[in-house]
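Asker:
There are 2 protein chains.
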Amino acid sequence: MERYFEEELKELKEKILYMGDIAGTMIDLAIASLKKKKDDFIDSIYQKEKEVNKLHIEIDEMCLRIIALRQPIAIDLRFIMAAVKINSDLERIGDQAVNIAENSSKLHEISDLKSMPDLDNMANISQKMLQDSLKAFINRDVELARTVVLTDDKVDDLKSKIFNDLKDVMRNDTSKVLSSLDFILIARNLERIADHATNIAEDVIFMVLGKDIRHHMEKQQ
Amino acid sequence: MERYFEEELKELKEKILYMGDIAGTMIDLAIASLKKKKDDFIDSIYQKEKEVNKLHIEIDEMCLRIIALRQPIAIDLRFIMAAVKINSDLERIGDQAVNIAENSSKLHEISDLKSMPDLDNMANISQKMLQDSLKAFINRDVELARTVVLTDDKVDDLKSKIFNDLKDVMRNDTSKVLSSLDFILIARNLERIADHATNIAEDVIFMVLGKDIRHHMEKQQ
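Taken in sequence, the protein lines are chains A and B.
If you read the first sequence in the numbering used here, its first letter stands for residue 5, the second for the next number, and so on.
If you read the second sequence in the numbering used here, its first letter stands for residue 5, the second for the next number, and so on.
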């Protein structure tokens, strides 16, 4: 039985990684659709969303089955509980990518808002946080997970800067109100992706150390 | 042991309900701070947030302990897994209430945006969805849970209406751009509270029926 159990845990790990890959691709596609200002990517994103939703259900069922059949304890149990939560976070990251793509596809006047280096930066950092949080999960790497948690502040700062910049634009030029609002909502979506990556990293730390750091190293509001 | 197990499940149920009560109060306080346009409520909300965060950790630990010690199966195991997820959703509902209160406290020009019946309506429906989803959890009431899931569409429609109304305001009067934006972000927070209540309701349905309805009765985007 021990051998089956190891194989099941390996399969669970691989499924989570696979789901994480798809979620990462969805973020890339969402950002591409934002930059190219075309709807070409929307269909691909909806396709990926379906895959993510299917995995979401499969992984939950797998976790339940493993717990019921193998009755794991200690680190193994914490690993499975982390998988349950990471599963939810990945599914919601997919939702945020869909939101970004949908917001991008209806972007109104483009004008000089076309390029927003801060938004690109925010997208890159959030994407890296997701990748690193999953790497930390696989390698049980507490240090990497901590880095992810701390990086979240950077994303929040960028979001505040984007909000302030766009508020100025909106106040000074009504013709840019709607496109600014869309960018604000996209920045908000990216912030949420970073939040989910942070949740994953916190779950990894709890999984490895058996110690809950959530609400202890919380950012200053 | 059976008796201890029953008692532990009862205690878990009570803790979730208690946390749900606090989250519900936080929504009320957030809406009150929005209407009264005063910061009086901010301190109470931060205080409640601390309680919610403490419960978040306690409930997770309790769930792990029960699974490890009692090795539950079938409905009992699904009950505990539902509790783990509901715990996360309640904590995030608390976060959204904090966001609303913070957005309210910095509301800029108030003018005729003071009263927004649609926003009140959205707040009332989201609050009821939370209460009903928890009632469904406690009573294992699938029908009530289904009602919650279906009500989410109403919240989404209201949000779209609010967005469109406020976009018109913003386009026509730059002096109202910032306050409109704050209301848009608050509507977004309320939408997320309704989403979390929907997640809870879906978890209840899975818990009772052992059947995953997520991504099957999904709303049309």
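By construction, the Cβ of each residue, glycine as well, lies at the ideal position given by its N, Cα and C atoms.
1) Within the 9 angstroms Cβ cut-off, does A36 of chain B reach chain A?
2) Since I31 of chain A and K52 of chain A are thought to touch, with beta carbons under 8 angstroms apart, how far apart are those beta carbons, to the nearest angstrom?
3) Buried or exposed for D124 of chain B, please, with buried defined as at least 16 other CB atoms from any protein chain shown within 10 angstroms of its CB.
4) Between D47 of chain B and chain A, is the shortest Cβ-Cβ distance under 9 angstroms, so that the two count as touching?
5) Based on Cα-Cα distance, which residue from B:V88, B:I63 and B:A78 lies nearest to D207 of chain B?
6) How about S37 of chain A and S109 of chain A: are their beta carbons less than 9 angstroms apart?
7) Assuming M133 of chain A and A198 of chain A form a contact by the criterion Cβ under 8 angstroms, report the distance between their Cβ atoms to the nearest whole angstrom.
8) What residues of chain A sit near I61 of chain B, judged by a beta carbon separation below 8 angstroms?
9) Which two residues bound the contiguous alpha helix (DSSP H) that contains A100 of chain A?
10) So I190 of chain A and I104 of chain A are supposed to be a Cβ contact under 8 angstroms. How far apart are they, rounded?
11) If you count every other CB in all the chains shown that lies within 10 Å of the CB of A78 of chain A, and 16 or more means buried, which is it?
12) Anything in chain B within Cβ reach of M85 of chain A, meaning under 7 angstroms, just list it in chain order.
13) Give the residues from the segment 151-183 of chain B that approach chain A closer than 7 angstroms (Cβ to any Cβ), ordered along the chain.
14) Is G28 of chain B helix, strand or coil by DSSP?
15) Just to check my reading of the structure: M174 of chain A and V181 of chain B have Cβ atoms closer than 8 angstroms, yes? What is that Cβ distance to the nearest angstrom?
16) Determine the extent of the alpha helix (DSSP H) in which I63 of chain B is found, giving its start and end residues.
17) Run down chain A in chain order and give the residues with a C-beta less than 9 angstroms from the C-beta of A72 of chain B.
18) So is N193 of chain A buried or exposed if we call it buried at 16+ other beta carbons inside 10 Å?
19) So for D219 of chain A, helix, strand or coil by DSSP?
20) Does any residue of chain A have a CB that is nearer than 9 angstroms to the CB of D2 of chain B?
21) How long is the line joining the alpha carbons of D160 of chain B and V153 of chain B, rounded to whole angstroms?
22) Is there a C-beta anywhere in chain B that falls below 9 angstroms from the one on S109 of chain A?
23) Where does R124 of chain A fall in DSSP's three states?
24) Does F210 of chain A get closer than 9 angstroms to chain B when you measure Cβ to Cβ?
Answerer: Taking the definition as stated:
1) The residue given as residue 36 of chain B occupies position 32 in the second sequence. No, its Cβ sits nowhere closer than 9 angstroms to a Cβ of chain A.
2) Looking up residue 31 of chain A in the first sequence gives position 27. Looking up residue 52 of chain A in the first sequence gives position 48. Contact flag wrong, Cβ pair sits at about 10 angstroms.
3) One-based indexing of the second sequence puts residue 124 of chain B at position 120. The residue is exposed, with fewer than 16 neighbouring Cβ atoms inside 10 Å.
4) For the purposes of this step, residue 47 of chain B is identified with residue 43 of the second sequence, where counting begins at 1. Judged by the 9 angstroms Cβ criterion, D47 of chain B is not in contact with chain A.
5) Within the second sequence, numbered from 1, the residue matching residue 207 of chain B stands at position 203. In terms of Cα proximity to D207 of chain B, the closest of B:V88, B:I63 and B:A78 is B:V88.
6) As a first step, residue 37 of chain A must be located in the first sequence, where it is residue number 33. As a first step, residue 109 of chain A must be located in the first sequence, where it is residue number 105. Result yes, Cβ atoms of S37 of chain A and S109 of chain A sit closer than 9 angstroms.
7) Working through the first sequence from its first residue, we reach residue 133 of chain A at position 129. Working through the first sequence from its first residue, we reach residue 198 of chain A at position 194. With 8 angstroms as the limit, M133 of chain A and A198 of chain A qualify as a contact, their Cβ atoms being about 5 angstroms apart.
8) By one-based count along the second sequence, residue 61 of chain B stands at place 57. Result: D216, R218 and H219.
9) Translated into positions along the first sequence, residue 100 of chain A becomes position 96. The question names Ala, but residue 100 of chain A in the sequence shown is Gln. Residues A78 to S109.
10) If you number the first sequence from 1, residue 190 of chain A lands on position 186. If you number the first sequence from 1, residue 104 of chain A lands on position 100. Indeed they touch by this definition, with Cβ atoms about 5 angstroms apart.
11) Numbered from its first residue, the first sequence carries residue 78 of chain A at position 74. It counts as exposed.
12) Residue mapping note: residue 85 of chain A aligns to position 81 of the first sequence, counting from 1. Residues of chain B passing the Cβ test: L68 and V88.
13) Per Cβ criterion, the list reads K171, M174, R175, T178, V181 and L182.
14) The sequence position of residue 28 of chain B within the second sequence is 24, counting from 1. Note: G28 of chain B maps to helix in three-state DSSP.
15) Sequence index remark: in the first sequence, residue 174 of chain A carries index 170 (1-based). Sequence index remark: in the second sequence, residue 181 of chain B carries index 177 (1-based). The Cβ separation is near 5 angstroms, so the contact holds.
16) Working through the second sequence from its first residue, we reach residue 63 of chain B at position 59. I63 of chain B -> alpha helix (DSSP H) spans D44 to R74.
17) Position 68 of the second sequence holds residue 72 of chain B. Within chain A, the residues near A72 of chain B are Q75, P76, I77, A78 and L81.
18) Numbered from its first residue, the first sequence carries residue 193 of chain A at position 189. Answer is buried; the Cβ neighbour count reaches 16.
19) Reading the first sequence from its first residue, position 215 is the one you call residue 219 of chain A. Looking at the sequence shown, residue 219 of chain A is not Asp but His. Note: H219 of chain A maps to coil in three-state DSSP.
20) Residue 2 of chain B lies beyond the range of chain B shown here (5 to 225); nothing can be said about it.
21) Sequence index remark: in the second sequence, residue 160 of chain B carries index 156 (1-based). Sequence index remark: in the second sequence, residue 153 of chain B carries index 149 (1-based). Taking the straight line from one Cα to the other gives about 12 angstroms.
22) To locate residue 109 of chain A, count along the first sequence from 1; it is residue 105. No, no contact with chain B.
23) By one-based count along the first sequence, residue 124 of chain A stands at place 120. Note that residue 124 of chain A is Asp in the sequence shown here, rather than Arg. Helix.
24) Start at 1 with the first residue of the first sequence, and residue 210 of chain A comes out as number 206. Answer yes: the Cβ-Cβ gap between F210 of chain A and chain B drops below 9 angstroms somewhere.
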